[in-house]
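Protein chains in written order, with the numbering used here: chain E, 1 to 278; chain C, 279 to 556.
Number of protein chains: 2
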Amino acid sequence: MNNFIKRTLTGIIFVGILLGGIFYNAYSFAVLFCIITGLALWEFYGLLKHYENAALHRLISTFGGMYLFVACFLKAGGIADNLTFLPYILFLMYVFIYELYTKAVNPINNWAFTLLAQIYCAGLFSLLNFIAVQPAQLTHEPIYTPLFVLAIFVFVWLNDTGAFLVGSMIGRRKLFERISPKKSWEGFWGGLVIVLIASQGFAWYVPEISRLQWLGLATTIVIFATWGDLTESLLKRTLGVKDSGNMLPGHGGILDRFDSVLMASPAAFCYIELFIRN
Amino acid sequence: MNNFIKRTLTGIIFVGILLGGIFYNAYSFAVLFCIITGLALWEFYGLLKHYENAALHRLISTFGGMYLFVACFLKAGGIADNLTFLPYILFLMYVFIYELYTKAVNPINNWAFTLLAQIYCAGLFSLLNFIAVQPAQLTHEPIYTPLFVLAIFVFVWLNDTGAFLVGSMIGRRKLFERISPKKSWEGFWGGLVIVLIASQGFAWYVPEISRLQWLGLATTIVIFATWGDLTESLLKRTLGVKDSGNMLPGHGGILDRFDSVLMASPAAFCYIELFIRN
């Protein structure tokens, strides 16, 4: 299959699965992002050089992060109990104790890399739950509002597209040449303007949240999505790889597709808690 | 001052401050262990080779972990609100974004080491709050029960002493020669027996918790304290240092004093939630 068709098909399926999972209900949201968390972790552990751990440990650590996502979902939905986070605490202790028995050359690196991935892929991403899910009021079903999750993805995609188009046309001043030589300040501003305009579409559909609040959320997401993209570029540049993986044919790896969202989600969470829900 | 007197004096002051902070009230507990968390983090960041970060970043990361401890105290006491953990989430994003601007040779290591210390020193230790503090029922004061925190320290100290005495007298079979050549299985069993006996003293004073529950808690603490000690030994052995620092004259560093407690606390938390409070 030629590369353009492969890219387009993968892109359509990817967007379809994401939107389907976000819109269907709280549980499809949880399952979808739990799987994405797992794929991101697995890919991250594969990327790291000098990560000496065995496949079983990599698998356990991947499941550990997926469990954290599920535990945060339960917590956000008000259906967690005292024991919900216990398996994750046991997992963290396991990570430390495990290295006593591996005879690895550098156990400190193994601890540090295992836990870096937990925070980068699972910890930050788990905050999506607290954006989307609120404790049940009358029933046992958590209250699910996909609005802001949708906004994060739409804003990130529009920002990527806008920055690429404007940057290609009039990009001159480099944004961050050392880490991502193709990005320009013109592209950044172009992406921002497009997302600001799109945010007013959201304001039109969801008037309970003011136009100004939407502008603030859009700006927050664009800034942190850009930082998220640069963070993953720095990671890949340090490791000397071009793509984080090849899970999505023509689009690179999972982390390549979610790098912006990984940083935009916690930032959006902070913004929403501070300026919208507070 | 000769070394024996220095060691003894430091030991008495150390134990006095700890017991005073644990017994006085919830806030002295929080302040004491928040400071210990900070000292442990500062020491940990100093220990790591190839940790390229500037003193200001080390200071911010230390305060980040101390803030996590305070946030967990507020959460455990039921006096946290939606914004309590926000500063820590901002701190985590700062850790990632910071490396974009440092031109460090290996930003991945800096991320990983910064976050390893957060989990090892601040994250695991913060669980002490959930052992000691419960949400307020009628007043705004959190309910503070120092009992189990005291038990952790008393059991760890008795285990250290018992293992040393029994091990010195009849120690033959090595417990973990590669990592800690002086420890013996005889010492381990000796420490365990002494702690099991001491736990029955606690059971006598606190009959609401059964003798069997105390035996289980004592066994859990001894096993994980030993693993905690070995974990820190592995850390020091990998770095080629003898002591983690020199904050406590004659006793080494903060991590040397708290290595067992760092692992015994989360294990005790899990045991208490599973078998005592459940």
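Note that CB positions come from ideal geometry on N, CA and C, so glycine has one too.
Between C:Ile550, C:Gln396 and C:Glu455, which has its C-alpha nearest Trp492 (chain C)'s C-alpha?
Position 214 of the second sequence, counted from the first residue, corresponds to residue 492 (chain C). Among C:Ile550, C:Gln396 and C:Glu455, the Cα nearest to that of Trp492 (chain C) belongs to C:Ile550.
With 8 angstroms as the threshold, decide whether the Cβ of Met344 (chain C) is near any Cβ in chain E.
Within the second sequence, numbered from 1, the residue matching residue 344 (chain C) stands at position 66. No, its Cβ sits nowhere closer than 8 angstroms to a Cβ of chain E.
If we ignore side chains and look at the alpha-carbon of each, how far apart do Ser462 (chain C) and His529 (chain C) end up?
The residue given as residue 462 (chain C) occupies position 184 in the second sequence. The residue given as residue 529 (chain C) occupies position 251 in the second sequence. Cα to Cα, Ser462 (chain C) sits roughly 21 angstroms from His529 (chain C).
Alpha helix (DSSP H) containing Gly356 (chain C): first to last residue?
As a position in the second sequence, residue 356 (chain C) is number 78, starting the count at 1. Premise fails: Gly356 (chain C) is in no alpha helix (DSSP H) and is neither H nor E.
Out of C:Phe547, C:Trp389, C:Pro527 and C:Phe553, which has the shortest C-alpha to C-alpha gap to Asn281 (chain C)?
Taking the first residue of the second sequence as 1, we reach residue 281 (chain C) at position 3. Closest by alpha carbon: C:Pro527.
Less than 8 angstroms between the CB atoms is what I'm expecting for Phe347 (chain C) and Thr315 (chain C), so what's the real figure, rounded?
For the purposes of this step, residue 347 (chain C) is taken as the residue at position 69 of the second sequence. For the purposes of this step, residue 315 (chain C) is taken as the residue at position 37 of the second sequence. Between Thr315 (chain C) and Phe347 (chain C) the Cβ distance is about 5 angstroms, and since that is below 8 angstroms, they are a contact.
Please list, in chain order, the chain C residues whose beta carbon lies closer than 9 angstroms to that of Glu177 (chain E).
As a working mapping, residue 177 (chain E) is identified with position 177 in the first sequence. None at all; the shortest Cβ gap to chain C is about 12 angstroms.
How many angstroms separate the CA atom of Val539 (chain C) from the CA atom of Thr220 (chain E)?
Along the second sequence, one-based indexing puts residue 539 (chain C) at 261. Along the first sequence, one-based indexing puts residue 220 (chain E) at 220. Val539 (chain C) and Thr220 (chain E): Cα-Cα distance of roughly 40 angstroms.
Less than 8 angstroms separating the beta-carbons of Phe63 (chain E) and Cys121 (chain E)?
By 1-based counting over the first sequence, the position of residue 63 (chain E) is 63. By 1-based counting over the first sequence, the position of residue 121 (chain E) is 121. Contact: no.
Assuming Ala136 (chain E) and Gly77 (chain E) are in contact, meaning their beta carbons sit under 8 angstroms apart, how far apart are those beta carbons, in whole angstroms?
As a first step, residue 136 (chain E) must be located in the first sequence, where it is residue number 136. As a first step, residue 77 (chain E) must be located in the first sequence, where it is residue number 77. Contact holds; Cβ gap of about 7 angstroms.
The alpha helix (DSSP H) spanning Ile194 (chain E) covers which residue range?
The count along the first sequence starts at 1 and reaches residue 194 (chain E) at position 194. Here the alpha helix (DSSP H) through Ile194 (chain E) covers Trp185 to Tyr205.
Would you list the one or two residues that DSSP bridges to Leu526 (chain C)?
Position 248 of the second sequence holds residue 526 (chain C). DSSP lists C:Gly530 as partners of Leu526 (chain C).
Which residues does DSSP pair with Tyr101 (chain E) in a beta bridge?
By 1-based counting over the first sequence, the position of residue 101 (chain E) is 101. DSSP output for Tyr101 (chain E) lists no bridge partner at all.
Establish whether the CB of Cys270 (chain E) and some CB of chain C are separated by less than 8 angstroms.
For this step, residue 270 (chain E) is matched to residue 270 along the first sequence. Answer yes: the Cβ-Cβ gap between Cys270 (chain E) and chain C drops below 8 angstroms somewhere.
With 16 other CB atoms within 10 Å as the buried threshold, where does Trp227 (chain E) fall?
The residue given as residue 227 (chain E) occupies position 227 in the first sequence. So Trp227 (chain E) counts as buried.
Which chain C residues sit within Cβ distance under 7 angstroms of Glu273 (chain E)?
Along the first sequence, one-based indexing puts residue 273 (chain E) at 273. Asn360, Leu361 and Leu364, listed in chain order.
Between which two residues does the alpha helix (DSSP H) carrying Asp229 (chain E) extend?
Here residue 229 (chain E) refers to the residue found at position 229 of the first sequence. Looking at the DSSP string, the run of the alpha helix (DSSP H) that includes Asp229 (chain E) is Arg211 to Leu239.
So, is Thr509 (chain C) buried or exposed, given that buried needs 16 or more other C-beta atoms within 10 angstroms?
In the second sequence, counting from the first residue as 1, residue 509 (chain C) sits at position 231. The residue in question, Thr509 (chain C), is buried, as its Cβ has 16 or more Cβ neighbours within 10 Å.
Do Leu41 (chain E) and Ser61 (chain E) have their C-beta atoms closer together than 8 angstroms?
Position 41 of the first sequence, counting from 1, holds the residue named residue 41 (chain E). Position 61 of the first sequence, counting from 1, holds the residue named residue 61 (chain E). Yes.
Measuring CB to CB, does Tyr422 (chain C) end up less than 8 angstroms from Phe307 (chain C)?
Residue mapping note: residue 422 (chain C) aligns to position 144 of the second sequence, counting from 1. Residue mapping note: residue 307 (chain C) aligns to position 29 of the second sequence, counting from 1. Yes, the Cβ-Cβ distance between Tyr422 (chain C) and Phe307 (chain C) is below 8 angstroms.
If you draw a straight line from the C-alpha of Phe391 (chain C) to the C-alpha of Ala104 (chain E), how long is it?
The residue you call residue 391 (chain C) lines up with position 113 of the second sequence. The residue you call residue 104 (chain E) lines up with position 104 of the first sequence. Using only the alpha carbons, I get a separation of about 17 angstroms.
Alpha carbon to alpha carbon, how far is Ile313 (chain C) from Phe224 (chain E)? Give it in angstroms, no decimals.
What you label residue 224 (chain E) is simply residue 224 of the first sequence in a count that begins at 1. What you label residue 313 (chain C) is simply residue 35 of the second sequence in a count that begins at 1. If I take the Cα positions, the gap works out to 32 angstroms.
Could you please give me the residues that DSSP links to Tyr144 (chain E) through a beta bridge?
Translated into the one-based positions of the first sequence, residue 144 (chain E) becomes position 144. Partner(s): E:Val133.
Using only CA atoms, which one of C:Glu464, C:Lys452, C:Arg451 and C:Val432 lies nearest to Val444 (chain C)?
Position 166 of the second sequence, counted from the start, is the residue given in the question as residue 444 (chain C). Taking only the C-alpha atoms, the option nearest Val444 (chain C) is C:Glu464.
Please state if the CB of Ile131 (chain E) and the CB of Ala268 (chain E) are separated by a distance shorter than 8 angstroms.
Position 268 of the first sequence, counted from the start, is the residue given in the question as residue 268 (chain E). Position 131 of the first sequence, counted from the start, is the residue given in the question as residue 131 (chain E). Going by C-beta atoms, Ala268 (chain E) is nearer than 8 angstroms to Ile131 (chain E).
Is Leu393 (chain C) close to chain E? Criterion is C-beta to C-beta, closer than 8 angstroms.
Along the second sequence, read from residue 1 onward, the residue named residue 393 (chain C) stands at position 115. Output row for Leu393 (chain C): interface = yes.
To the nearest angstrom, report how far apart Ser488 (chain C) and Ile554 (chain C) are at their CA atoms.
Translated into the one-based positions of the second sequence, residue 488 (chain C) becomes position 210. Translated into the one-based positions of the second sequence, residue 554 (chain C) becomes position 276. Straight-line Cα distance between these residues: approximately 9 angstroms.
Assuming Leu364 (chain C) and Cys270 (chain E) make a contact with CB atoms under 8 angstroms, what is their CB distance in whole Å?
Sequence index remark: in the second sequence, residue 364 (chain C) carries index 86 (1-based). Sequence index remark: in the first sequence, residue 270 (chain E) carries index 270 (1-based). That belief holds up - the Cβ atoms of Leu364 (chain C) and Cys270 (chain E) are roughly 5 angstroms apart, short of 8 angstroms.
So which residues on chain E does Trp505 (chain C) lean against when the C-beta distance must stay under 9 angstroms?
In the second sequence, residue 505 (chain C) corresponds to position 227, counting from 1. What Trp505 (chain C) touches in chain E: Met93, Phe96, Ile97 and Leu100.
For the alpha helix (DSSP H) that Asn278 (chain E) lies in, which residues bound it at each end?
Within the first sequence, numbered from 1, the residue matching residue 278 (chain E) stands at position 278. Counting along the chain, Asn278 (chain E) falls outside any alpha helix (DSSP H), and DSSP gives it neither H nor E.
Using CA coordinates, which residue listed in C:Leu533, C:Arg285 and C:Tyr345 is at the minimum distance from Ser522 (chain C)?
Taking the second sequence and counting its residues from 1, the one referred to as residue 522 (chain C) is at position 244. Checking every option, the nearest Cα to that of Ser522 (chain C) belongs to C:Leu533.
Under the rule that 16 or more other beta-carbon atoms within 10 Å means buried, what is Phe386 (chain C), buried or exposed?
Taking the second sequence and counting its residues from 1, one reaches residue 386 (chain C) at position 108. Checking the sequence shown, residue 386 (chain C) turns out to be Ile, not Phe. It counts as buried.
Since Lys174 (chain E) sits in a beta bridge, which residues does DSSP pair it with?
What you label residue 174 (chain E) is simply residue 174 of the first sequence in a count that begins at 1. Note: Lys174 (chain E) sits in a beta bridge opposite E:Ser184.
Quick check: the Cα distance between Val149 (chain E) and Ile367 (chain C), rounded to an integer number of angstroms?
In the first sequence, counting from the first residue as 1, residue 149 (chain E) sits at position 149. In the second sequence, counting from the first residue as 1, residue 367 (chain C) sits at position 89. For Val149 (chain E) and Ile367 (chain C), the distance between alpha carbons rounds to 18 angstroms.
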